[in-house]
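All letters in the first sequence, in the order written, are residues 1 to 555 by the numbering used here.
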Amino acid sequence: MFQLSKKLPNDAVVASHILMLRSGMVRMLSAGIYSFLPLGYRVIRKISEIIREEMDAIGGQEFHLPALNPKEVWEETNRVAAFGDTLFQIKNREYVLAPTHEEIMTFHARNVVKSYKDMPQIWYQIQTKFRNEPRPRSGVIRGRQFLMKDAYSFDTSWEGLDNSYDLHDKAYRRIFDRCGLKYFVVGASSGAMGGTGSEEFMVKSSAGEDTVAYCKSCGYAANVEVAVSRVNGVERDSESKSIFEISTPDVKSIDELCEFLKIDETQCAKSRVYIHNEKPILVLMLGNDEVNETKLEKVLGGAVRPAHPDELKEISGADAGSIGPVGFNGRIIADNRLKNANNMFSGANKNDYHIGGIDFNRDITNVEYSDFRIVKSGEGCPNCEKHLEVFPAIELGHIFKLGTKYSDSMRAFFTDEKGEEHPIIMGSYGIGVERVMACSIEQNHDANGIVWDKAIAPFLVHLIGLNLKKQDIVDTCEKIYNDLNQAKIDVLFDDRDVTAGFKFNDADLLGMPLQIVVGEKKLKENKCEIKIRKTGERFDIVLNELQNKIKELLQ
RNA sequence: CGGGGCGUGGCUCAGCCCGGUUAGAGCGCCUGGUUCGGGACCAGGAGGUCGGAGGUUCGAAUCCUCUCGCCCCGACCA
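Here it is in structure tokens:
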């Protein structure tokens, strides 16, 4: 069976990982490779079944494709190179382990989907994917092998794709709702671009690898790389002082500068030097605002990197902490918040000196403005009057309009009404099945263990018989067990010969929604006890009313 | 790939710096008995290539070299 542990596994850090190990749901075989033990696999099956039902409901047909793929199929779309080291390659034959299945689905589609009459189609599977992650982490959340529900849509038109995409969007919401997850959707529509090319379904979690800005009032959600917020720029003082230099020994950071000069950070312009196309660029930010490198790259076009310390000295004549726009030899760009600013403080390009009285309009020529900020928690939502929260999140699912990328390169063509050939218009839609499980635990646990949502709990009822040397307790438990099973209620019977406390604590750790405790004292009154795991509420119930009460509580 | 940490019974770890009996503890496991509503107790017992290879030494868990694995931070991430 499964082994439970009260010990904290010292290799696990995030709650879901710790609890999955402690409760015997999974066991690690190798880095990023986990065996699902009977209890954990029941959860996977329940989640999979919910996914199947909702995929079938939008007309999906389930496939089961090979994980082992001939490399040549992947060469057709040039994705052997695109995936690079992430793609597992078999050593003794020209095979790869599939990291996803666009190629294979397209391979099948081009053989059978030949006419506009054959579409639309939605094909999906729930299958193991392999990715050679450089660094697996957080247990099952980022593994080298993981279960994914991947679906692909095939349409004759872009309108058809919109429709297939929309069906998936709705199905995904139903799936995650049914799994009891609190999630939100990050879409291209939330970004600056408008339109809907892709949406990510995210769950807030400290184990997350993405950072998102979210407004719970209006639902605005965006990856922090592209998120924007309502923040005020600097107000221009009516009087512009002239430039003056100040000695600021050992002052490196904006905080130190503010402390030293007794000024507010909104009077400071922070300098960051980046290298773009081998040339230095000075980026000015207001106060302690952080530079968003993604936004920077978008504005500049192409990759940037922070300048190394020795480069800084060479470029500006000073070390980090004393660099500023006045006298800087090179291109200067600034965040929108600094537009029209005057009486500002910044580095003097001379170690241990700063300059005050900087007027951006007067003293810095050719400065270009744009939004370069990383938004922070508490800032105004760009879409409503409320405020943004910034936090890490896990990507649970992704829906994506592929278009003709794969059908073009793999020549998956169909014939339209006029007899003309066109590439099939495709969409692709994924859900990380283990991630659903892990996220559910992340959202539903307490100090004692997991608190399963009944939709995906491995069992609905955890039956505990105390002192199984007493025959009447054993008999009662077996009757309850059989009756519940007959009523199609999944029940786990803890028939181990261990002390009561042991069983209680394990039951709390495993987290089935309801616990039934059969003990000697209450059995004498023909009663047993029900405990609701989520609330901790406990009460007695007469045995012949037990089943109805259980059914009622599971409603 | 860079930085840091760790590999010793099933689990958590001590021992290593400073080499020297038969490698320890707690938990778990097995046998018998007592106990039985929030992690009981008594008695007895089993279980270890000290991650691996090589080296130094009369002698290596301990020192040296290499190697494999795992975790954490960072880089990367369709």
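Beta carbons: idealized from backbone N, C-alpha and C, even for Gly.
No experiment lies behind these values; they were computed from the predicted model shown.
{"Query": "Test item: CB-CB of Gly143 and Pro136 under 8 Å", "Result": "yes"}
{"Query": "Gln471, buried or exposed, once every other Cβ within 10 Å from all chains shown has been counted against 16", "Result": "exposed"}
{"Query": "CB-CB length for Pro423 against Asp408, believed under 8 Å", "Result": "5 Å"}
{"Query": "Validate contact between the region 383–391 and the region 212–222 using beta carbons, cut 8 Å, 3 pairs", "Result": "yes"}
{"Query": "Where Lys149 sits in the DSSP three-state scheme", "Result": "strand"}
{"Query": "Backbone secondary structure at Met55 - three-state DSSP", "Result": "helix"}
{"Query": "Leu463 versus Glu478: straight-line alpha-carbon distance, rounded", "Result": "10 Å"}
{"Query": "Limits of the beta strand (DSSP E) - the one that Gly160 falls within", "Result": "Taken as a continuous stretch (DSSP letters only), Gly160 belongs to no beta strand (DSSP E), being part of the alpha helix (DSSP H) at Trp158 to Arg178."}
{"Query": "Check whether Ala274 and Ile281 have beta carbons under 8 Å apart", "Result": "A small fix is needed here, since residue 274 is Tyr in this sequence, not Ala. Contact: yes."}
{"Query": "Alpha-carbon spacing of Val226 relative to Asp497, whole angstroms", "Result": "57 Å"}
{"Query": "Cβ shell of Lys339 (< 6 Å), same chain only, five flanking positions each side left out", "Result": "Gly233 and Tyr369"}
{"Query": "Neighbourhood of His398 by C-beta distance below 6 Å, restricted to the same chain and skipping five residues each side", "Result": "Glu200 and Gly430"}
{"Query": "Endpoints, alpha helix (DSSP H) assigned at Leu21", "Result": "Ala15 to Arg22"}
{"Query": "Contact check, Ala109 vs Phe154, beta carbons under 8 Å", "Result": "yes"}
{"Query": "Same chain, Cβ closer than 7 Å to Val542, five either side skipped, listed in chain order", "Result": "Asn526 and Lys527"}
{"Query": "Buried or exposed (CB count within 10 angstroms, at least 16 for buried), Thr535", "Result": "exposed"}
{"Query": "Three-state secondary structure assigned by DSSP to Leu510", "Result": "helix"}
{"Query": "Beta-carbon spacing of Asn288, Ile374 below 8 Å", "Result": "no"}
{"Query": "Per-residue DSSP class, three states only, for Ala307", "Result": "coil"}
{"Query": "Complete runs of the alpha helix (DSSP H) confined to the region 458–495 [at least 4 residues]", "Result": "471–486"}
{"Query": "Element boundaries [beta strand (DSSP E), containing His101]", "Result": "His101 -> no beta strand (DSSP E), and no H or E assigned at all."}
{"Query": "Candidates Arg131, Gly59 and Tyr41, of which the one nearest Gly84 by Cα", "Result": "Arg131"}
{"Query": "Rounded C-alpha distance that separates Val461 from Ile516", "Result": "7 Å"}
{"Query": "Span of the alpha helix (DSSP H) around Leu286", "Result": "From DSSP, Leu286 is part of no alpha helix (DSSP H) but of the beta strand (DSSP E) over Lys279 to Leu286."}
{"Query": "Rounded C-alpha distance that separates Glu94 from Glu256", "Result": "60 Å"}
{"Query": "For Leu523, the first and last residue of its enclosing alpha helix (DSSP H)", "Result": "Glu520 to Lys524"}
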